[in-house]
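Working notes, beginning with the structure itself.
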Amino acid sequence: MSALGSLTVVGLGPGPDRWLTPEVADVLAHSTDLVGYGPYLDRIPHSAFHRRHGSDNRVELSRARLALDLAVSGRRVALVSGGDPGVFAMASALFEALESADDPAWAEVPVRVCPGVSAMLAAAARVGAPLGHDFCVLSLSDNLKPWDLVLKRLRLAAEGDFVIALYNPISKARPWQLGAALDTLRTLKDPATPVVLARAVGRHDEDVTITTLADCDPATADMRTLVLIGSSQTRLLPKGKDGDVWVYTPRGYAAVEDR
Ligand code: SAH
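The numbering of the sequence shown is the working numbering, which starts it at 937 and goes up by one.
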């Protein structure tokens, strides 16, 4: 067997290269093999030094196993996600593969996880500071968990008055979930609660809509949309004369500040 390689789990950020950290750029430049979902690999400039192992979105565990096998064979592997690799992404899939320990040699592979800019951070920055106080994050995908659990978490997040960030709000295979989630939240929260639909943030076709819980149209979202739903404290601040607004959540609750 050749000398052991390495496996580095990286996130590319939500879109443009300027949101890719210098650390991740360095890892990509020094990797021999890139493993990941095809469209993410397409974002990395081609180089004669890389071998690319693109795959379908639904095969995370086999992709992690492939990355481990390549590292065992001596390759320097970058396992690539969008955004941050630990947020609904490949880092967990890698540790699941490692825990299953299909191959004892995997345990010897030097593994590192590099952080990235997650979509909710880019979306929040676009509109101001909606995540400035306590918030919670859910994936609306019920591919990997039961829908009842999604609804329970939404109800409890509303009860806890968290700002809520929703990943994977909708897809061709899951067309109704966002509408159902909004219907649940409408029974629990003020209809005037600010809602942000941030689509393809940082991309050429970016489209950010600021609306309210009452008016939010799930058809405005697609699989590249990040949804932010305000807490009772989240508010709009006029930007200037043209009707544009910032969305922000103050650092504290008024009653506490006055004490
Ligand atoms: N690891 C990624 C999330 C992967 S889940 C991260 O940290 O961002 C995929 C979901 O991320 C999408 O359904 C969408 O909700 C969100 N997303 C990814 N890129 C985005 C972008 N550029 N703009 C808005 N949302 C995005």
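The beta-carbon is built from N, C-alpha and C at its ideal position, and this holds for glycine as well.
Open item on the list: Could you compute how far the alpha carbon of R979 sits from the alpha carbon of S1017?
Closed with: Using only the alpha carbons, I get a separation of about 11 angstroms.
TODO: Determine the burial state of G1166: buried for a count of at least 16 other Cβ atoms within 10 Å of its Cβ, exposed for fewer.
DONE: G1166 is buried by the Cβ-count criterion.
TODO: Determine, using beta carbons only, whether H982 and D969 come nearer to each other than 8 angstroms.
DONE: No; because the gap between Cβ atoms is not below 8 angstroms, this pair is not in contact.
Open item on the list: Check this for me: beta carbons of C1050 and T1123, under 8 angstroms apart or not?
Closed with: Remark: C-beta atoms of C1050 and T1123 do not approach each other more closely than 8 angstroms.
Task: Nearest candidate by alpha-carbon position, reference L1102, set V1053, D1084, M1159 - done: Of the residues V1053, D1084, M1159, the one whose Cα lies closest to the Cα of L1102 is M1159.
TODO: Would you list, in sequence order, the uninterrupted alpha helix (DSSP H) runs of no fewer than 4 residues that lie entirely inside the region 945 to 1015?
DONE: As summarised for the region 945 to 1015, the continuous alpha helix (DSSP H) elements at least 4 residues long and confined to that stretch are 958 to 965, 974 to 978, 996 to 1008, given in chain order.
TODO: Would you decide whether R1187 is buried or exposed? Buried here means 16 or more other CB atoms lie within 10 Å of its CB.
DONE: With fewer than 16 other Cβ atoms within 10 Å, it is exposed.
Task: Nearest neighbour of W1042, chosen from V995, S942, V1181 [CA to CA] - done: When each option's Cα is compared against that of W1042, the closest is S942.
Task: Beta carbon of Q1169 nearer than 8 angstroms to that of T1148 - done: Here Q1169 is not near T1148, since their CB atoms are 8 angstroms or more apart.
Open item on the list: Give me, in chain order, the residues of the same chain whose beta-carbon lies closer than 6 angstroms to that of A1055; leave out the 5 immediate sequence neighbours on both sides.
Closed with: Closer than 6 angstroms at Cβ, skipping near neighbours: P950, G1019, L1162.
Task: Those runs of the alpha helix (DSSP H) which lie wholly inside the region 1025 to 1079 and span at least 4 residues - done: When DSSP assignments are scanned along the region 1025 to 1079, the uninterrupted stretches of alpha helix (DSSP H) that are 4 or more residues long and fall wholly within it turn out to be 1026 to 1036, 1055 to 1063.
Open item on the list: Helix, strand or coil, according to DSSP, for V1144 in the structure here?
Closed with: Three-state result, V1144: strand.
TODO: Please classify K1125: is it buried, with 16 or more other beta-carbons within 10 angstroms of its beta-carbon, or exposed?
DONE: Taking all protein chains shown into account, K1125 has 16 or more neighbouring C-beta atoms within 10 Å of its C-beta and is therefore buried.
Open item on the list: According to DSSP, simplified to helix, strand and coil, what is L1118?
Closed with: The DSSP-derived three-state label of L1118 is helix.
Task: Contact set for G1068: own chain, Cβ-Cβ below 8 angstroms, skip 5 residues either direction - done: Excluding positions up to five away in sequence, the list reads Y1184, T1185, P1186, R1187.
- [ ] Output the boundary residues of the beta strand (DSSP E) element that contains A1101.
- [x] For A1101, the enclosing beta strand (DSSP E) has its first and last residue at 1099 to 1103.
TODO: Quick one: using the 10 Å Cβ neighbour count with 16 as the cut-off for buried, is G974 buried or exposed?
DONE: Exposed.
Task: A1093, DSSP secondary structure in three states - done: A1093 falls in the helix class under three-state DSSP.
Open item on the list: On the CB-based measure, 16 or more other CB atoms within 10 Å of its CB, does P1154 come out buried or exposed?
Closed with: By the Cβ neighbour-count rule, P1154 is buried, with 16 or more other Cβ atoms within 10 Å of its own.
Task: Stretch pair the region 1134 to 1153 + the region 950 to 962: three plus CB contacts closer than 8 angstroms - done: Put simply, the region 1134 to 1153 touches the region 950 to 962. At least three CB pairs are less than 8 angstroms apart.
TODO: Classify Y1189 as buried or exposed, calling it buried when 16 or more other Cβ atoms lie within 10 Å of its own Cβ.
DONE: Here Y1189 is exposed. Its C-beta has fewer than 16 other C-beta atoms within 10 Å.
TODO: Can you check DSSP and say which residues form a bridge with W1182?
DONE: Beta-bridge pairing links W1182 to L1173.
Task: Helix, strand or coil at P1154 according to DSSP, with G and I counted as helix - done: Assigned with DSSP and collapsed to three states, P1154 falls in helix.
Open item on the list: What does the alpha-carbon distance come out to for the pair F1071 and W1083?
Closed with: For the pair F1071 and W1083, the Cα-to-Cα distance works out to about 21 angstroms.
TODO: From the DSSP output, in three-state form, read off V1163 for me.
DONE: Collapsing the DSSP output to three states places V1163 in a strand.
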